[in-house]
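Here is the structure we will look at.
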Amino acid sequence: MTDSKLKKITVALAGNPNSGKTSVFNMLTGARRHVANYPGTTVETVQGTCTHGDFRIVFVDLPGAYGLTAFSAEELVARNFIIDEKPDVIVNVIDTSNLERNLYLTTQLIELDVPIVLAFNMSDVAEQRGIVFDTDRLSELLETPIVRTVASKTKGRIALLDAIVAVTNASRKPRTHRITYGDEIENTLHQIEPLVRSEQPALAVKYGSHWVALKLIEQDSDIIAKIKDSRLIDVVSNAVTKLKTIFRDDPEVIIAERRYGFISGACQESVKTTVELTHTTSDLADAVLTHRVFGLPIFLIMMYLVFYLTFSIAAYPMAWLEQFFSWLSVSLASIWPAQAGNWLRSLIIDGVIPGVGGVLVFLPNILILFLAIAVLEDSGYMARAAFIMDKLMHKIGLHGKSFIPMLIGFGCSVPAIMATRILENKRNRLTTIMILPLMSCGARLTIYGLLIPAFFPPNWRGPVLWLIYLTGIVLAVIAAKVLRLTVFRGDTTDFVMELPPYRVPTFKSLSAHTWMRCLMYLKKAGTVILVFSIILWAAMNYPRVSDQSVAGLSSDQIRQAQLANSVIGRVGRAIEPVIKPLGFDWKIGTALIGATAAKELFVSQLGIIYAVSSHDDSFTTTLRQHLQADYSSLVGFCIMLFCLISSPCLATVAITRSETSSWFWAAFQFVSLTVLAYIITFAVYQIGSFVIAL
Amino acid sequence: MEEGETVSIVGIDGGRGLRSRLTTMGLLPKTRIKVVRNGKSGPFVISVKNSKMALGKGVADKIVVS
Chain Y
1 MTDSKLKKIT VALAGNPNSG KTSVFNMLTG ARRHVANYPG TTVETVQGTC
51 THGDFRIVFV DLPGAYGLTA FSAEELVARN FIIDEKPDVI VNVIDTSNLE
101 RNLYLTTQLI ELDVPIVLAF NMSDVAEQRG IVFDTDRLSE LLETPIVRTV
151 ASKTKGRIAL LDAIVAVTNA SRKPRTHRIT YGDEIENTLH QIEPLVRSEQ
201 PALAVKYGSH WVALKLIEQD SDIIAKIKDS RLIDVVSNAV TKLKTIFRDD
251 PEVIIAERRY GFISGACQES VKTTVELTHT TSDLADAVLT HRVFGLPIFL
301 IMMYLVFYLT FSIAAYPMAW LEQFFSWLSV SLASIWPAQA GNWLRSLIID
351 GVIPGVGGVL VFLPNILILF LAIAVLEDSG YMARAAFIMD KLMHKIGLHG
401 KSFIPMLIGF GCSVPAIMAT RILENKRNRL TTIMILPLMS CGARLTIYGL
451 LIPAFFPPNW RGPVLWLIYL TGIVLAVIAA KVLRLTVFRG DTTDFVMELP
501 PYRVPTFKSL SAHTWMRCLM YLKKAGTVIL VFSIILWAAM NYPRVSDQSV
551 AGLSSDQIRQ AQLANSVIGR VGRAIEPVIK PLGFDWKIGT ALIGATAAKE
601 LFVSQLGIIY AVSSHDDSFT TTLRQHLQAD YSSLVGFCIM LFCLISSPCL
651 ATVAITRSET SSWFWAAFQF VSLTVLAYII TFAVYQIGSF VIAL
Chain H
695 MEEGETVSIV GIDGGRGLRS RLTTMGLLPK TRIKVVRNGK SGPFVISVKN
745 SKMALGKGVA DKIVVS
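If you're matching them up, the sequences are chains Y and H in order. The first sequence begins at 1 in this note's numbering and counts up one residue at a time. The second sequence begins at 695 in this note's numbering and counts up one residue at a time.
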């Protein structure tokens, strides 16, 4: 059978965070998709397809939702998708070990009156816990088909697909039962429904008058905004006030209680718990891991281990990669003879290989770091770490979860910014992204490594390095606080987070998870970094110096003259008056501009400026002697300070732009951090010079 | 409240957004919750129905229990 003859069915997957919705999606579509044991990882809807019999089924993975209220952006996304796109079937994935809470979403799907198939996932875990379901009875009571699945073991796939097809084939019978909300609310519904039909016919057709009336009583902001008729609004607000006096509570709470009542009624008849429910192992683990005294040290040890592994194990493959790229450039240079005007050779050997290679060298780091994070997430520990850090983070207007990306930021800002996806609140997420570059990343360590020994005596070196890192952290804390009070003002979001049960991460999920993130990093190296290394190379090599003017000079001196004559060199000179108050001259200016592509380029740029051959073993020693001759220790410190705070590298700009989907925030971050760097370096240099002059 | 204590929710003394969120997650009046960890000045861990939840200090303060 050809594709064109297949009948197309659209299926939306809905379910609570942690219900195993994404693993069901993967089981159905075979897609390698990230499964995180962490609430709220699906931000946008993701699609996948499969063929079953005569049908081509398109699956859309909706964001994890506990309900379909208008309060949560993700729940609204799920709700609007269901209403606007009218999928043929909704597969509601239920974590059976937590049945009642999971069925709450089901009640809201029933209210929307859409075709549903329930996938009772993780049914093996529930059975182990001694929960026995009469799925036939429950299916009768809920008037929806129920299929048992164990997505992690690919059990129940065919049965689920059959059920989906059966639902689309069957002509839909109207429900015999509705959820009832008690006389007072039912009477109010009867009063409002006709008004919705007469005054807002379009809404009544699209959503159903019963549902609209229900949402109005629930004071759903999204639906209220759609009501144009003032009489209807008055009737609703009077009715709500009346209900409030009767119940001495908001009608929405009463409605929620009735839904839970409906669920427990249905469960009473169909679910038997033979064993008293306990989560002994999980409780025991939490007793230690979230302990008031031991929780924090355990967390710190875990983080130390993550970083230790990241940097110690990765050091070996990193060294191999470095050797590989230098071998590549040297051997390419030897087989490709240098000829005057051979720009392509220079572009590849001096631009592309060091540019892209410089980023690829960090791949082992990224891989191990991401693997460690995947283990922490999938095991359920990450949610506990957020819990432990919440108290401290709360003081700067963020909450526990922000700490995780900040920690990753000490390695590299790029994966750190990607990790902010775990923050569901937009203001929290943007604040965290903005301050992340202040966490001094690994690339900046190369700058400190060059400058600190040049300007400070041995016993000062440790404290100076420590001071630089601390300055970054303190600035990040202050900046977060300031941003939360100004640009991203708003309530400190209420920290409510489900702590998923501890699970042993599966190899499949870990590898899928790690691979996906590494792929994103590789893609960036292949695109953004490649483009910028070409631009930077051109800016350093053009306009060319004439051959006559450099006749008789050594090759290092030619490179020096070339850089001085290039766009970057000229810009460096042009900005000299601006950076003079910071104690910087055109040489530092030129190196700083080069460093905007990647921070570690600062060192190689200085090498070219001072015409120090980078192939020389005494490269750093010679360079340090030049720096000592030209600058004071104060200037040396100011350079490091400026590099720490100023303009995040282009990779960071690119990732901020793609993660916030806005050039504005990328520009805001770049400009404000650079301005901040200017102000602070200015103050330090001026005050420092004044004190020294005394 | 002591750790290990089981209490019953009386109401949530908070804004509509928070109330709706907690209600959706099953924290309704008359629901029994177990205090797994009392953060004192920090966040709480509670056990409700079959799941565990972390609640920030601010949220926990708004839940009235008996």
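Even for Gly, the Cβ is constructed at its ideal location relative to N, Cα and C. Since the structure is predicted, the reported quantities are computational estimates derived from the model, not experimental observations.
Let me make sure I understand the geometry here. Which of the options has the alpha-carbon closest to that of residue i?
| i | options | result |
| --- | --- | --- |
| PRO648 (chain Y) | Y:ALA416, Y:ILE263, Y:ASN98 | Y:ALA416 |
| LEU161 (chain Y) | Y:SER139, Y:PHE670, Y:LEU118, Y:GLY182 | Y:LEU118 |
| SER282 (chain Y) | H:MET747, H:LYS751, H:SER760 | H:MET747 |
| VAL319 (chain Y) | Y:THR506, Y:ARG231, Y:LEU360 | As written in the sequence, residue 319 (chain Y) is Ala, which differs from the Val given in the question. The shortest Cα separation from ALA319 (chain Y) among Y:THR506, Y:ARG231, Y:LEU360 belongs to Y:LEU360. |
| VAL571 (chain Y) | Y:LEU592, Y:GLU322, Y:GLY462 | Y:LEU592 |
| GLY295 (chain Y) | Y:TYR381, Y:PRO354, Y:LEU243 | Y:TYR381 |
| PHE307 (chain Y) | Y:HIS52, Y:THR290, Y:ALA372 | Y:ALA372 |
| PHE81 (chain Y) | Y:LYS242, Y:TYR207, Y:LYS155 | Y:TYR207 |
| SER546 (chain Y) | Y:VAL352, Y:ARG559, Y:ALA204, Y:ASP250 | Y:ARG559 |
| MET406 (chain Y) | Y:THR29, Y:LEU99, Y:GLY397, Y:ALA419 | Y:ALA419 |
| ILE579 (chain Y) | Y:GLY526, Y:CYS638, Y:VAL165, Y:LEU601 | Y:CYS638 |
| SER555 (chain Y) | Y:TYR316, Y:ALA338, Y:ALA70 | Y:ALA338 |
| ARG178 (chain Y) | Y:SER139, Y:LYS242, Y:LYS508, Y:ASP113 | Y:ASP113 |
| ILE655 (chain Y) | Y:ALA12, Y:ASP249, Y:LYS523, Y:ARG148 | Y:LYS523 |
With a threshold of 6 angstroms on Cβ separation, who are the neighbours of residue i within its own chain once the five nearest residues in sequence on each side are excluded?
| i | result |
| --- | --- |
| ILE131 (chain Y) | THR273 |
| ILE254 (chain Y) | PHE247 |
| ALA213 (chain Y) | LEU189, ILE192, GLU193, VAL196 |
| SER741 (chain H) | LYS728, VAL730 |
| LYS8 (chain Y) | ARG56 |
| ARG517 (chain Y) | PHE370 |
| PHE410 (chain Y) | MET439 |
| LYS391 (chain Y) | none |
| THR41 (chain Y) | Per-residue confidence for THR41 (chain Y) stands at a pLDDT of 37, beneath the threshold of 50, marking its modelled position as unreliable; the derived number appears in the next sentence. Nothing listed; no residue qualifies. |
| ARG231 (chain Y) | none |
| LEU475 (chain Y) | LEU438 |
Which two residues bound the contiguous beta strand (DSSP E) that contains residue i?
| i | result |
| --- | --- |
| ASN92 (chain Y) | 89-95 |
| GLY64 (chain Y) | Unbroken run through GLY64 (chain Y): none, as it is neither H nor E. |
| VAL753 (chain H) | Element bounds for VAL753 (chain H): not the beta strand (DSSP E) but the alpha helix (DSSP H), 751-756. |
| GLY15 (chain Y) | 7-15 |
| VAL635 (chain Y) | VAL635 (chain Y) -> not in any beta strand (DSSP E); alpha helix (DSSP H) instead, spanning 633-645. |
| GLU498 (chain Y) | 496-499 |
| PHE133 (chain Y) | 131-133 |
| ILE227 (chain Y) | Unbroken run through ILE227 (chain Y): none, as it is neither H nor E. |
| ILE146 (chain Y) | 146-148 |
The alpha helix (DSSP H) that contains residue i, what's its start and end?
| i | result |
| --- | --- |
| ILE116 (chain Y) | Taken as a continuous stretch (DSSP letters only), ILE116 (chain Y) belongs to no alpha helix (DSSP H), being part of the beta strand (DSSP E) at 116-121. |
| SER221 (chain Y) | 221-224 |
| ALA443 (chain Y) | 442-455 |
| ALA564 (chain Y) | 555-565 |
| ARG157 (chain Y) | 157-169 |
| LYS21 (chain Y) | 21-29 |
| SER658 (chain Y) | 650-660 |
| ALA476 (chain Y) | 458-485 |
| LYS86 (chain Y) | First-last for LYS86 (chain Y): undefined, no H or E at that position. |
| GLU111 (chain Y) | 99-112 |
| VAL531 (chain Y) | 530-541 |
By Cβ distance below 7 angstroms, which residues in the same chain neighbour residue i in space, the five residues on each side in sequence not counted?
| i | result |
| --- | --- |
| SER152 (chain Y) | SER23, THR506 |
| HIS539 (chain Y) | The question names His, but residue 539 (chain Y) in the sequence shown is Ala. Closer than 7 angstroms at the Cβ level, and outside the excluded window around ALA539 (chain Y), lie SER566, VAL567, ILE568. |
| PHE664 (chain Y) | none |
| VAL653 (chain Y) | ALA666, PHE670 |
| ILE353 (chain Y) | PHE325, LEU328, SER329 |
| VAL240 (chain Y) | ILE217, GLN219, PRO251 |
Sorted by chain position, which residues of the same chain lie with C-beta nearer than 8 angstroms to residue i's C-beta, five sequence neighbours on each side aside?
| i | result |
| --- | --- |
| SER379 (chain Y) | ASN37, TYR502, ARG503, VAL504, PRO505 |
>> Runs of 4 residues minimum, wholly inside the stretch 251-304 of chain Y: which ones carry the alpha helix (DSSP H) assignment?
In response: 251-270, 280-289
> Between the stretch 708-720 of chain H and chain Y, which residues of the former have CB atoms less than 9 angstroms from a CB of the latter, in chain order?
Replying inline: GLY708, GLY709, ARG710, GLY711, LEU712, ARG713, SER714, ARG715, LEU716, THR717, THR718, MET719, GLY720
>> Restricting to runs no shorter than 3 residues, where is the beta strand (DSSP E) found entirely within the stretch 368-421 of chain Y?
In response: none
>> To test your reading of the DSSP string, which unbroken alpha helix (DSSP H) runs of 4 or more residues are found completely within the stretch 178-203 of chain Y?
In response: Along the stretch 178-203 of chain Y, the alpha helix (DSSP H) occurs as fully enclosed runs of 4 or more residues at 183-199, listed in sequence order.
> What are the residues of the stretch 725-737 of chain H that lie near chain Y, defined by any Cβ-Cβ distance shorter than 8 angstroms?
Replying inline: From the stretch 725-737 of chain H, only VAL730, ARG731, GLY733, LYS734, SER735, GLY736, PRO737 have a Cβ closer than 8 angstroms to chain Y.
>> As an exercise, report each continuous alpha helix (DSSP H) stretch of at least 4 residues that is fully enclosed by the stretch 323-347 of chain Y, in chain order.
In response: The stretch 323-347 of chain Y contains, as complete alpha helix (DSSP H) runs of 4+ residues, the segments 343-346 (chain order).
> Which ranges would you report for the beta strand (DSSP E) in the stretch 695-744 of chain H if only whole runs of at least 3 residues count?
Replying inline: Taken in chain order, the whole beta strand (DSSP E) runs of length 3 or more contained in the stretch 695-744 of chain H are 700-706, 726-731, 738-742.
>> Suppose only complete runs of 4+ residues qualify. What are the alpha helix (DSSP H) ranges in the stretch 579-627 of chain Y, listed by chain order?
In response: 586-595, 601-609
> the stretch 740-754 of chain H: which residues have C-beta closer than 9 angstroms to a C-beta of chain Y, in chain order?
Replying inline: SER741, VAL742, LYS743, ASN744, SER745, LYS746, MET747, ALA748, LEU749, GLY750, LYS751, GLY752, VAL753
> When Cβ atoms are compared, which residues of the stretch 86-118 of chain Y fall closer than 7 angstroms to chain H?
Replying inline: Going along the stretch 86-118 of chain Y in chain order, one finds SER97, ASN98, GLU100, ARG101, TYR104 with a Cβ nearer than 7 angstroms to chain H.
> What residues in the stretch 132-153 of chain Y bring their beta carbon closer than 9 angstroms to a beta carbon of chain H?
Replying inline: none
> For the stretch 466-497 of chain Y, which residues have a CB atom closer than 8 angstroms to at least one CB atom of chain H, in sequence order?
Replying inline: THR492, ASP494, PHE495, VAL496, MET497
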